[in-house]
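Below you'll find the structure, written out as structure tokens, and then a few comments.
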Amino acid sequence: MFEIQESEKSLLIIDQDSAKLSLLVNYFSARYVCDGTDSIDTALNKIKQREYSVILTAFALPSINGTDLIPLLQKQSPRSVFIFISEHEAVGNTVRAFRAGAFEVIQKPFNLKKIEAAVEKAFGKYEVKYLKDRYQYHLEELVSERTAELDKALEEIENSYRITLKALVQALETRDFETHGHSERVVTFSLRLGHELGLEKEVLRDLELGALLHDIGKIGVPDAILRKPAKLNDEEWAKMKLHPLHGQNILRNIKFLEGAARVVSQHHEKWDGTGYPYGLRGEDIDINARIFAVVDAFDAMISDRVYRRGCSYHDAVAELERCSGTQFDPIIVEAFKQIPREDWEILRERSLMEKQDSFSFQGVVSDLVYPKMQVELVH
6 MFEIQESEKS LLIIDQDSAK LSLLVNYFSA RYVCDGTDSI DTALNKIKQR EYSVILTAFA
66 LPSINGTDLI PLLQKQSPRS VFIFISEHEA VGNTVRAFRA GAFEVIQKPF NLKKIEAAVE
126 KAFGKYEVKY LKDRYQYHLE ELVSERTAEL DKALEEIENS YRITLKALVQ ALETRDFETH
186 GHSERVVTFS LRLGHELGLE KEVLRDLELG ALLHDIGKIG VPDAILRKPA KLNDEEWAKM
246 KLHPLHGQNI LRNIKFLEGA ARVVSQHHEK WDGTGYPYGL RGEDIDINAR IFAVVDAFDA
306 MISDRVYRRG CSYHDAVAEL ERCSGTQFDP IIVEAFKQIP REDWEILRER SLMEKQDSFS
366 FQGVVSDLVY PKMQVELVH
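The sequence shown begins at 6 in the working numbering and counts up one residue at a time.
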């Protein structure tokens, strides 16, 4: 829509009678910004260049009647107010004109003062429309600004959550025998695989937090079991297998972590239904939990432990393929294989570097993914 000065009153007159058109334009030009034309095409071109407050037109024109004219002009100038001058005293024409959206229909006998009074009332109607639209525009602008402010505040809150959760996970890892950089790897590996699968932003956020907190339930596992250097007996293993449920209980009722809680509670489920704690099968398992299961197994296989050396990338992928369709979702394994090996190596090396506590997992993966996407688009 065109923005105009509130004090400006603009009038467009359309009439095929050149004498009457000249009379009306000369009369109203002394009071308002006034243009005239005897052509619909010319009228449309003028409206594209200026929004007229009021459009005064003959009801019957050579190529179109008044009821069809209003919708045509309103497409270009929806705020304009329409007045018809009808040469015939036909009630049917008047009714049709008002139904089409006319503000006023002036019939014989008419004079300049009568037309001027109708035009003045129409300017008042236009002013109401103008002020309403301006209010709506500024309201939407205000809402947009407030929304941006709230989005920024929420982002800052989320970042604070992430920093707190990272510290919590680091404290938890001091109780376990996880390898250096494990938390960062399983998060960034998961996000890389999530990008490959085309997950939406909100789902990726749940995946990130779920991967970060996947073992938070181990807080409820005694040190004697968690740090036992030997193989667990059946009773100890039964207690260890409860950690997904402990984690779910810890995160329960935290709205922000609802999606993450599904990863925490389901990341030991298996595609064929033989996992724990619920024995879920196939797509009944949360997709982020299925993604994390593949990533967690991969990281476990390639990482060095006190009692063994990590295996090669080739051997780890071969094991994922072997367990595809039983332990792992076949589609996710296939997506994993599509990711270049160097991506995993970059993320693994990155996990071993010293960094600030405020670094972004999402940022690390985005820096890896999006430049490649741009190169692919170019080629």
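The C-beta atom is built at its ideal place from N, Cα and C for all residues, glycine as well.
D40 - DSSP class collapsed to helix/strand/coil:
By one-based count along the sequence shown, residue 40 stands at place 35. Strand, per DSSP.
Go ahead and label R295 buried or exposed: buried means 16 or more other beta carbons lie within 10 angstroms of its beta carbon, across all protein chains shown.
In the sequence shown, the residue the question calls residue 295 occupies position 290. With 16 or more other CB atoms across the displayed protein chains lying within 10 angstroms of its CB, R295 is buried.
Looking at the structure shown, is S34 part of a helix, part of a strand, or coil, going by DSSP?
Here residue 34 refers to the residue found at position 29 of the sequence shown. Reduced to three states, the DSSP call for S34 is helix.
Taking C-alpha atoms, which residue in S58, V100, F103, F115 lies nearest to E92?
The sequence position of residue 92 within the sequence shown is 87, counting from 1. Looking at the Cα atoms, F115 is the closest of the given residues.
Minimum C-alpha distance to H219 - residue among K236, A243, A265
The count along the sequence shown starts at 1 and reaches residue 219 at position 214. Checked all of K236, A243, A265; the closest Cα to H219 is A265.
Residue closest to V374, alpha-carbon to alpha-carbon, out of L357, M358, E347, S356:
Position 369 of the sequence shown, counting from 1, holds the residue named residue 374. With respect to the C-alpha of V374, the residue from L357, M358, E347, S356 having the closest C-alpha is E347.
Secondary structure of V59, DSSP reduced to three states
One-based indexing of the sequence shown puts residue 59 at position 54. Judged by DSSP in its simplified three-state form, V59 adopts strand.
Nearest to R36 by CA position, among E121, A102, T62, is which residue?
Start at 1 with the first residue of the sequence shown, and residue 36 comes out as number 31. It is E121.
Determine the DSSP secondary structure at R232, reduced to helix, strand or coil.
Translated into positions along the sequence shown, residue 232 becomes position 227. In the structure shown, R232 sits in coil (DSSP, three-state: anything other than H, G, I, E or B).
DSSP beta-bridge partners for S91?
Indexing the sequence shown from 1 puts residue 91 at position 86. S91 pairs with Q112.
Enumerate in chain order the residues of its own chain whose CB-to-CB distance from A102 is below 7 Å, with the five nearest sequence positions on each side excluded.
Position 97 of the sequence shown, counting from 1, holds the residue named residue 102. Only F64, G71, T72, F89, V110 meet the Cβ criterion.
DSSP state of L212, grouped into three classes?
Residue mapping note: residue 212 aligns to position 207 of the sequence shown, counting from 1. L212 falls in the helix class under three-state DSSP.
Alpha-carbon spacing of G215 relative to A305, whole angstroms:
As a position in the sequence shown, residue 215 is number 210, starting the count at 1. As a position in the sequence shown, residue 305 is number 300, starting the count at 1. Approximately 17 Å between the Cα atoms of the pair.
Determine the DSSP secondary structure at S15, reduced to helix, strand or coil.
Here residue 15 refers to the residue found at position 10 of the sequence shown. Residue state, collapsed to three classes: strand.
With DSSP as the reference, identify every bridge partner of N70, one or two as the case may be.
Looking up residue 70 in the sequence shown gives position 65. Under DSSP, the beta-bridge partners assigned to N70 are A65.
Out of P335, E263, A340, V322, which has the shortest C-alpha to C-alpha gap to E288?
As a first step, residue 288 must be located in the sequence shown, where it is residue number 283. Closest in C-alpha terms to E288, from the list P335, E263, A340, V322, comes P335.
Mind checking K223: buried by the 16 CB within 10 Å criterion, or exposed?
Counted from its first residue, the sequence shown places residue 223 at position 218. Label assigned to K223: buried.
Quick check on DSSP: helix, strand or coil for V269?
By 1-based counting over the sequence shown, the position of residue 269 is 264. DSSP places V269 in helix when its eight states are reduced to three.
In whole angstroms, what is the alpha-carbon distance linking N254 and R353?
By one-based count along the sequence shown, residue 254 stands at place 249. By one-based count along the sequence shown, residue 353 stands at place 348. Each residue's alpha carbon lies about 31 Å from the other.
With which residues is G329 paired in a DSSP beta bridge?
To locate residue 329, count along the sequence shown from 1; it is residue 324. Note that residue 329 is Ser in the sequence shown here, rather than Gly. According to DSSP, S329 shares a beta bridge with F333.
DSSP three-state call for R286: helix, strand or coil?
Here residue 286 refers to the residue found at position 281 when the sequence shown is read from its first residue. Reduced to three states, the DSSP call for R286 is coil.
State the CB to CB distance for the pair I60 and I19, rounded to an integer number of angstroms; the pair is presumed to be in contact (CB under 8 Å).
Counting from one through the sequence shown, the residue named residue 60 turns up at place 55. Counting from one through the sequence shown, the residue named residue 19 turns up at place 14. Yes, they are in contact, since the Cβ atoms of I60 and I19 sit about 7 Å apart, within 8 Å.
Out of K342, V191, E201, point me to the one whose CA is closest to A298's CA.
Taking the first residue of the sequence shown as position 1, residue 298 is located at position 293. Checking every option, the nearest Cα to that of A298 belongs to V191.
May I have the straight-line CA-CA distance separating A321 from L262, to the nearest angstrom?
Taking the first residue of the sequence shown as position 1, residue 321 is located at position 316. Taking the first residue of the sequence shown as position 1, residue 262 is located at position 257. Those two C-alpha atoms are separated by around 31 Å.
For Y16, collect the residues of the same chain with a Cβ closer than 8 Å to its Cβ; drop the 5 residues on either side in sequence, then sort them by chain order.
What you label residue 16 is simply residue 11 of the sequence shown in a count that begins at 1. The residue asked about is misnamed: residue 16 is Leu in this sequence, not Tyr. Only F33, Y37, V38, C39, D40, Y57, S58, V59, I60, L61, V124 meet the Cβ criterion.
Return the bridge partner residues of V86 from the DSSP annotation.
For the purposes of this step, residue 86 is taken as residue 81 along the sequence shown, with counting starting at 1. According to DSSP, which records beta bridges pairwise, V86 is partnered with V59.
Is it buried or exposed for I221, if we count other Cβ within 10 angstroms and need 16 for buried?
Mapped onto the sequence shown, residue 221 falls at position 216. Buried is the label assigned to I221, since at least 16 other Cβ atoms lie within 10 Å of its Cβ.
Measure the alpha-carbon distance for D301 versus L217 and round it to whole angstroms.
Numbered from 1 along the sequence shown, position 296 holds the residue referred to as residue 301. Numbered from 1 along the sequence shown, position 212 holds the residue referred to as residue 217. Distance between the alpha carbons of D301 and L217 is about 11 Å.
Span separating the alpha-carbon of L202 from that of R151
Mapped onto the sequence shown, residue 202 falls at position 197. Mapped onto the sequence shown, residue 151 falls at position 146. One C-alpha to the other measures close to 34 Å.
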